[in-house]
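One structure below.
In my numbering, the protein residues as written are 3 to 292.
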């Protein structure tokens, strides 16, 4: 695939994005030799950027891995899948378009006054897992960026009472698919700039409540924007906190016991259970090069 036609006018921006995704792949061991990765492409700025950057990495990596774009059509009236398919076809991506009746199911099952988002996201995630399996992919790449990680952390703390965000890599609930989020180090601001400079064909999901459903997340965006005026590094600091956890200094008794047991294991010389996790060193090296 020729990526040059979609690269940003500002080459420094593209290099920064490429370095960020490469750093994430290296830090979290997201890609290994022989992986076949389904990339969720909704038609939004994040998923397009994810696909383009992964393809750039694939072309430069010294070890082989495969990409296949997957679009889930939830059936919302007006959703222009033809634009998405044209983008994927014209740029030579392997892809799968998956039509569904999700909108009809939501209309039937949704309780009056309840949110579309919860049931829609569950249906879409299930369809992505199924398509990933059918396409012979062992991993599913999603387009969550740095701001998503931070906002989710704050939402869970403020409204749920949970110290939780998202993982850069985790085994899905189906026990088969590994979900990866390679945009973890990329800011939404940079992705917006990139999508505008390259004039990516953004497609609205056409959900009836699109843009108005997640008021709480918009509150977190506004809060962070206000705090950033006085604390310019606040987003980097909050993201760093997600990988700098001290369980003994939290109130979760289960985590505290595990932390104590791990400490005793280290003092006794016993190996950590994560000590022998495989790392594809070839991919790590090309990622560190940026």
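We treat Cβ as the ideally placed atom computed from N, Cα and C, and that holds for glycine.
Annotated three-state conformation of residue 249 is helix, per DSSP. Contact between residue 172 and residue 181 holds: CB atoms are separated by about 6 angstroms, below the 8 angstroms threshold. Under the 10 Å beta carbon count, residue 143 is surrounded by 16 or more other beta carbons and is classified as buried. Under the 10 Å beta carbon count, residue 148 is surrounded by 16 or more other beta carbons and is classified as buried. Rounded to the nearest angstrom, the gap between the Cα atoms of residue 174 and residue 228 is 35 angstroms.
For the options 135, 246, 126, the alpha carbon positioned closest to that of residue 39 is the one of 135. For residue 66, same chain residues with a beta-carbon under 8 angstroms away, outside a window of 5 residues either side, are 35, 36 in chain order. The alpha-carbon separation between residue 167 and residue 85 amounts to approximately 32 angstroms. In this structure, the straight-line span from the alpha carbon of residue 106 to that of residue 132 is close to 19 angstroms. Here residue 76 is buried: its Cβ has 16 or more other Cβ atoms, across all protein chains shown, within 10 Å. Annotation: residue 180 is outside any alpha helix (DSSP H); the continuous beta strand (DSSP E) that includes it extends over 180 to 182.
Taking the C-beta atoms as reference points, residue 26 is found nearer than 7 angstroms to residue 184.
Between residue 74 and residue 120, the CB-CB gap reaches or exceeds 7 angstroms. For residue 240 and residue 152, the gap between their C-alpha atoms comes out near 6 angstroms. For residue 68, there is no enclosing alpha helix (DSSP H); the enclosing beta strand (DSSP E) has its first and last residue at 68 to 75.
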